[in-house]
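Novice:
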Amino acid sequence: QKEVEQDPGPLSVPEGAIVSLNCTYSNSAFQYFMWYRQYSRKGPELLMYTYSSGNKEDGRFTAQVDKSSKYISLFIRDSQPSDSATYLCATLRVEYGNKLVFGAGTILRVKS
Amino acid sequence: NAGVTQTPKFRVLKTGQSMTLLCAQDMNHEYMYWYRQDPGMGLRLIHYSVGEGTTAKGEVPDGYNVSRLKKQNFLLGLESAAPSQTSVYFCATISRLAGSHEQFFGPGTRLTVL
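Pasting the structure below:
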């Protein structure tokens with residue numbers, strides 16, 4: 081079983097839609113959860129991170145962690161064409177030199 | 049500040065050839081990583097280093113070697129390239145300071161092995 085599972089999509093939505101991106105993870109000991117955004121032919125950039133359980137909001141983006149179901153989510157409100165990218169969920173393994181374990185990444189396209 | 053840079057940006061190799069990818073960072077970060085990215089598989093960790101002179105294996109280390117002779121540089125070597133090593137390679141760094149959780153990524157190296 082993969083440590084982090086993510087549906088690769090692609091996901092296509094109209095401009096202004098609410099987008100929900102989701103991942104599941106296997107180990108209840110994981111504590112740090114990240115969302116990275118990657119534009120085409122670029123390196124990933126950290127979008128949001130959360131520690132343990134709960135919600136974190138930053139502008140149009142909300143990251144959510146449900147530890148009881150081992151589920152992590154990223155919501156994008158009022159989606160824009162500039163949000164079109166690959167979104168990668170990841171967990172940070174502090175006990176292994178802060179390495180990141182990534183999901184497969186979801187390709188998102190926001191149509192204008 | 050350049051952040052994290054990778055050299056080269058693109059490369060085409062023939063099976064059996066060798067090459068070295070260079071990652072350089074000017075952020076004085078202790079930890080450095082090499083990932084590969086393949087379609088539908090996210091990024092997978094090849095090797096990493098928690099400090100100058102130290103290296104450790106990641107999830108997919110076979111066929112690769114690394115060296116961290118200087119704090120600012122992390123080299124990834126392919127001794128005998130295989131088509132299965134066709135991929136996009138990313139280097140990343142992170143600070144060892146408590147509370148540092150963001151890995152900073154380079155722009156990537158696109159490698160094709162024929």
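Sequence order for the protein chains is A and B.
Start counting the first sequence at 81; every next residue gets the next number (my numbering).
Start counting the second sequence at 49; every next residue gets the next number (my numbering).
Quick reminder that beta carbons are idealized off the backbone N, C-alpha and C, glycines included.
Just so it is clear, the structure is predicted and the values come from calculations on it, not from any experiment.
Please confirm whether B:Leu69 and B:Tyr81 have their CB atoms less than 8 Å apart.
Specialist: Counting from one through the second sequence, the residue named residue 69 of chain B turns up at place 21. Counting from one through the second sequence, the residue named residue 81 of chain B turns up at place 33. No. Outside cutoff.
Novice: When you compare only the Cα positions, how much space is there between A:Trp115 and B:Ala129?
Specialist: Taking the first residue of the first sequence as 1, we reach residue 115 of chain A at position 35. Taking the first residue of the second sequence as 1, we reach residue 129 of chain B at position 81. For A:Trp115 and B:Ala129, the gap between their C-alpha atoms comes out near 32 Å.
Novice: Spatial neighbours of A:Arg140 within its chain, please: CB distance less than 7 Å, with the 5 preceding and 5 following residues excluded, ordered by chain position.
Specialist: Within the first sequence, numbered from 1, the residue matching residue 140 of chain A stands at position 60. If we look at A:Arg140 and ignore the five residues flanking it on each side, its Cβ neighbours are Ile156, Arg157 and Asp158.
Novice: Rounded to a whole number of angstroms, what is the C-alpha to C-alpha distance between B:Lys57 and B:Arg158?
Specialist: Counting from 1 along the second sequence, the entry for residue 57 of chain B is found at position 9. Counting from 1 along the second sequence, the entry for residue 158 of chain B is found at position 110. Cα-Cα distance, rounded: 6 Å.
Novice: Can you list the residues of chain B that A:Lys122 reaches, using a CB-CB cut of under 9 Å?
Specialist: As a first step, residue 122 of chain A is located in the first sequence; it is residue number 42 there, counting from the start. Per Cβ cutoff of 9 Å: Phe153, Pro155 and Gly156.
Novice: Taking only the alpha-carbon atoms, compute the straight-line gap between A:Val174 and B:Ser143 and give it to the nearest angstrom.
Specialist: Within the first sequence, the letter at position 94 stands for residue 174 of chain A. Within the second sequence, the letter at position 95 stands for residue 143 of chain B. Approximately 12 Å between the Cα atoms of the pair.
Novice: Can the beta-carbon of A:Lys179 be found less than 8 Å from the beta-carbon of A:Thr104?
Specialist: Taking the first sequence and counting its residues from 1, one reaches residue 179 of chain A at position 99. Taking the first sequence and counting its residues from 1, one reaches residue 104 of chain A at position 24. No, the pair does not count as a contact, with Cβ atoms beyond the cut-off.
Novice: From B:Thr53, B:Met67 and B:Val60, pick the residue whose C-alpha is nearest to that of B:Glu127; which is it?
Specialist: Taking the first residue of the second sequence as position 1, residue 127 of chain B is located at position 79. Nearest of B:Thr53, B:Met67 and B:Val60 to B:Glu127, Cα basis: B:Met67.
Novice: Whose CA, out of B:Ser148, B:Gly147, B:Leu145 and B:Phe122, lies closest to the CA of B:Gly154?
Specialist: Start at 1 with the first residue of the second sequence, and residue 154 of chain B comes out as number 106. The option with the nearest alpha carbon to B:Gly154 is B:Phe122.
Novice: Which residues in chain A have a C-beta closer than 8 Å to the C-beta of B:Ile142? List them in chain order.
Specialist: As a first step, residue 142 of chain B must be located in the second sequence, where it is residue number 94. Per Cβ cutoff of 8 Å: Asn178.
Novice: Specify the secondary structure class of B:Glu100 as computed by DSSP and reduced to three states.
Specialist: If you number the second sequence from 1, residue 100 of chain B lands on position 52. Of the three classes helix, strand and coil, the one that applies to B:Glu100 here is coil, per DSSP.
Novice: Compile a chain-ordered list of the residues in the region 81-101 of chain B whose CB is closer than 7 Å to at least one CB of chain A.
Specialist: Residues of the region 81-101 of chain B with a Cβ closer than 7 Å to any Cβ of chain A, in chain order: Tyr81, Gly88, Met89, Gly90, Leu91, Leu93, Tyr96 and Val98.
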